[in-house]
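Structure first, then comments.
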Amino acid sequence: MNICVIGTGYVGLVTGVIFADLGNDVTCVDKIKEKIDSLNKGIMPIYEPGLEEMVKRNVVDNRLFFSTDLHGAVEKAEIIFICVGTPPKDNGETDLSYVEGAAKGIAKSINGYKIIVNKSTVPVGTGDFVRKVIEKNMTRNTDPSLRPAGTSFDVVSNPEFLREGSAIADALSPDRIIIGAPTKQVAVKLLELYATIGRPMLITDVYSAEIIKYASNAFLAMKISFINAIADICELTGANVTDVAKGVGYDSRIGQAFLNAGLGFGGSCFPKDIQSLVHTAEKFGYNFKLLKSILDINKKRVPHFVEIIKDKLVPAEPAPAVVSRGYKQGTGGLKGKIIGVLGLSFKPDTDDMRDAKSVEIINILLNEGAVIKAYDPVAMENAKKILPAVKYCANAYEVSEGADALVVITEWREFKLLNMERIKNLMHSPLIFDGRNIYDAERTRKMGFEYYSIGRP
Ligand code: UDX
Numbered sequence: 020m021n022i023c024v025i026g027t028g029y030v031g032l033v034t035g036v037i038f039a040d041l042g043n044d045v046t047c048v049d050k051i052k053e054k055i056d057s058l059n060k061g062i063m064p065i066y067e068p069g070l071e072e073m074v075k076r077n078v079v080d081n082r083l084f085f086s087t088d089l090h091g092a093v094e095k096a097e098i099i100f101i102c103v104g105t106p107p108k109d110n111g112e113t114d115l116s117y118v119e120g121a122a123k124g125i126a127k128s129i130n131g132y133k134i135i136v137n138k139s140t141v142p143v144g145t146g147d148f149v150r151k152v153i154e155k156n157m158t159r160n161t162d163p164s165l166r167p168a169g170t171s172f173d174v175v176s177n178p179e180f181l182r183e184g185s186a187i188a189d190a191l192s193p194d195r196i197i198i199g200a201p202t203k204q205v206a207v208k209l210l211e212l213y214a215t216i217g218r219p220m221l222i223t224d225v226y227s228a229e230i231i232k233y234a235s236n237a238f239l240a241m242k243i244s245f246i247n248a249i250a251d252i253c254e255l256t257g258a259n260v261t262d263v264a265k266g267v268g269y270d271s272r273i274g275q276a277f278l279n280a281g282l283g284f285g286g287s288c289f290p291k292d293i294q295s296l297v298h299t300a301e302k303f304g305y306n307f308k309l310l311k312s313i314l315d316i317n318k319k320r321v322p323h324f325v326e327i328i329k330d331k332l333v334p335a336e337p338a339p340a341v342v343s344r345g346y347k348q349g350t351g352g353l354k355g356k357i358i359g360v361l362g363l364s365f366k367p368d369t370d371d372m373r374d375a376k377s378v379e380i381i382n383i384l385l386n387e388g389a390v391i392k393a394y395d396p397v398a399m400e401n402a403k404k405i406l407p408a409v410k411y412c413a414n415a416y417e418v419s420e421g422a423d424a425l426v427v428i429t430e431w432r433e434f435k436l437l438n439m440e441r442i443k444n445l446m447h448s449p450l451i452f453d454g455r456n457i458y459d460a461e462r463t464r465k466m467g468f469e470y471y472s473i474g475r476p
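Per our numbering, residue 20 is the first one in the sequence shown, and the count goes up by one each step.
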């Protein structure tokens, strides 16, 4: 099949390359010329394991193309995927201006029957919105009855559930494929496209498919906020949230996944999607208090963690005169303290800094006068643009040199495999604040560290 994918962000790029890999002719379109030029040179705009190899392979095989020419790509495509960004507005509502722009572009180029698929996460009713925008902007003929035969179209909702860091694997083997289509014939066309993947497919109406995406993300976010609230109770009572989560997760109705207590959820999806669903619910007269609580619990994770850090690091007595130790010292409660940060991206295996907890935590610690040294395996280039005051290091050992404390913010696998004896010897004082519970508390303390984690005694 000939496919056009509009938008070369996470969803668009991965969608495009997967369909190409499955044997289709795919053109990925983006209006940012530099992005397209880079992609044509084999340079990826994001870090995603396996993506670069797969893109290169399909470009060489002449199945995958990158272009700024929306018109040409739409004209030759049977199916057009809209994969543009849907950022939040200040009030939590989803900004559909990029979707609208894509729909207008499609409208101007339609030259025969097309299936237009919304793959971006969009609020219920966006399928109708896209249909209306296209109808209004079809230059060939605005009156449907007068349009030349064949210039009709259908709009489908086919939400994407891929996670950053495992996007290729998720897209090739999703738990389910949701196809919200207006008719059976249209659904069958999408079924054909996905047939080789061999995963469960569910055909629904367009509205239901749109809601399935938000309901899924909201449910997962609920699991995270739930276990984080339980972590707070564990801290107050002396229980261990890791054991509690394991015990709860053995119930097959609940499951082990997404019960890791920590600093809460970040990234480009959960926070904005939950807010969007709250907003949509309100629009329809429903006060979704449960979702508001999920956000509220999540918002309190970082301040709670920083309190633990400050409680241990800020001296009760007025701070003694600070010896510079080679760094320019700040003012504030943490003046004179050197804090090493492990992990900057919003989660492991990505360089994505959007809504990363590191930004919030580091900014508070900097404001309190601390010197921050940090290391992340792939996100440092992105982090430098947002956190210029941080001293970036080549690895976790360099971060540890002379540090008064280490703070674990992202649970990269390599941090679990560090030589902790070496880390201890490099630090000024062996103190660890583990925001992701990656170390065994007893073992770490036995090694001589003072160790604090989330929801564990
Ligand atoms: C998420 C959804 O999983 C995916 O289906 C959807 O398409 C997009 O949003 P993503 O944002 O890539 O994917 O990350 P995910 O792995 O779901 O993690 C989201 C956040 O939750 C991260 O900040 C992560 O650290 C946090 N998290 C996750 C926890 O705090 N605890 C957990 O147990 C799991």
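C-beta atoms are modelled at their ideal positions from N, C-alpha and C, and glycine is treated no differently.
Candidates the options: which alpha carbon is nearest residue i's?
i, options, result
"Arg218", "Ser192, Ala92, Ala408, Val78", "Ser192"
"Tyr132", "Gln204, Leu83, Val360", "Gln204"
"Lys354", "Pro334, Lys95, Pro106, Val360", "Pro334"
"Gly199", "Ser171, Val225, Gly286, Lys242", "Val225"
"Asn156", "Pro64, Ala121, Ala190", "Ala121"
"Asn317", "His298, Ala280, Ala300", "Ala280"
"Ile357", "Lys329, Asp374, Ser235, Leu363", "Lys329"
"Ile129", "Leu89, Phe38, Thr140, Gly111", "Leu89"
"Phe85", "Val45, Met241, Pro64, Glu72", "Val45"
"Arg373", "Ser287, Phe452, Thr463", "Ser287"
"Glu71", "Ile98, Asn43, Ile442, Ile37", "Ile37"
"Asn386", "Tyr416, Gly352, Ala413", "Gly352"
"Val93", "Ile249, Glu417, Thr170, Phe434", "Thr170"
"Pro68", "Gly61, Thr87, Ala186", "Ala186"
"Ala408", "Glu417, Val418, Ala389, Ala415", "Ala389"
"Ser244", "Ala258, Thr256, Ala264", "Ala264"
"Arg195", "Val207, Phe172, Ile231", "Ile231"
"Arg76", "Gly283, Leu58, Tyr66, Pro64", "Leu58"
"Glu211", "Phe284, Glu97, Gly474, Asp109", "Glu97"
"Val435", "Ala415, Asn21, Ala393", "Checking the sequence shown, residue 435 turns out to be Lys, not Val. Of Ala415, Asn21, Ala393, the residue nearest in Cα terms is Ala415."
Is residue i helix, strand or coil when you go by DSSP?
i, result
"Val390", "strand"
"Leu361", "strand"
"Glu469", "strand"
"Asn247", "helix"
"Tyr458", "coil"
"Leu520", "An answer regarding residue 520 cannot be provided, because it is not within the stretch 20 to 476 covered by the chain."
"Val103", "coil"
"Lys242", "helix"
"Val333", "coil"
"Tyr233", "helix"
"Met177", "According to the sequence as given, residue 177 is Asn; it is not Met. Coil, per DSSP."
"Val136", "strand"
"Ser377", "helix"
"Ser86", "strand"
"Cys253", "helix"
"Lys208", "helix"
"Val325", "helix"
"Ile428", "coil"
"Phe172", "strand"
"Ile383", "helix"
"Val93", "helix"
"Val74", "helix"
"Tyr226", "helix"
"Ile65", "coil"
"Thr113", "strand"
Identify the continuous alpha helix (DSSP H) that holds residue i and give its terminal residues.
i, result
"Thr299", "289 to 302"
"Ile313", "308 to 318"
"Asn156", "145 to 156"
"Leu191", "186 to 191"
"Ser57", "52 to 59"
"Ala402", "399 to 405"
"Ile22", "Here Ile22 belongs to no alpha helix (DSSP H); instead the beta strand (DSSP E) covers 21 to 25."
"Asn81", "Neither: Asn81 is in no alpha helix (DSSP H) and is coded neither H nor E."
"Arg441", "439 to 445"
For the beta strand (DSSP E) holding residue i, just list the boundary residues, first then last.
i, result
"Asp262", "No beta strand (DSSP E) holds Asp262; the alpha helix (DSSP H) holding it covers 260 to 268."
"Thr223", "220 to 223"
"Leu450", "450 to 453"
"Ile198", "196 to 199"
"Ile125", "Taken as a continuous stretch (DSSP letters only), Ile125 belongs to no beta strand (DSSP E), being part of the alpha helix (DSSP H) at 116 to 128."
Q | Contact the region 130 to 147 vs the region 97 to 117: 3+ CB pairs below 8 Å | A | Short answer: they touch.
Q | At least 3 beta-carbon pairs within less than 8 Å: the region 375 to 393 vs the region 318 to 332 | A | Touching, yes, given that three or more Cβ pairs across the two stretches are closer than 8 Å.
Q: For the region 23 to 31 and the region 92 to 109, state whether three or more C-beta atom pairs, one from each stretch, are separated by less than 8 Å.
A: Yes, since at least three Cβ pairs between the region 23 to 31 and the region 92 to 109 fall closer than 8 Å, the two stretches touch.
Q) Is it a yes or a no for the region 365 to 377 touching the region 389 to 398, going by three-plus beta-carbon pairs under 8 Å? A) Segments in contact, yes.
**Q.** the region 455 to 468 contacting the region 424 to 437, beta-carbon criterion three pairs below 8 Å
**A.** Segment contact: the region 455 to 468 against the region 424 to 437, three or more CB-CB distances shorter than 8 Å; contact assigned.
Q) Would you say the region 259 to 277 touches the region 299 to 318, given that touching needs at least three Cβ pairs under 8 Å? A) Result no; under three Cβ-Cβ pairs closer than 8 Å.
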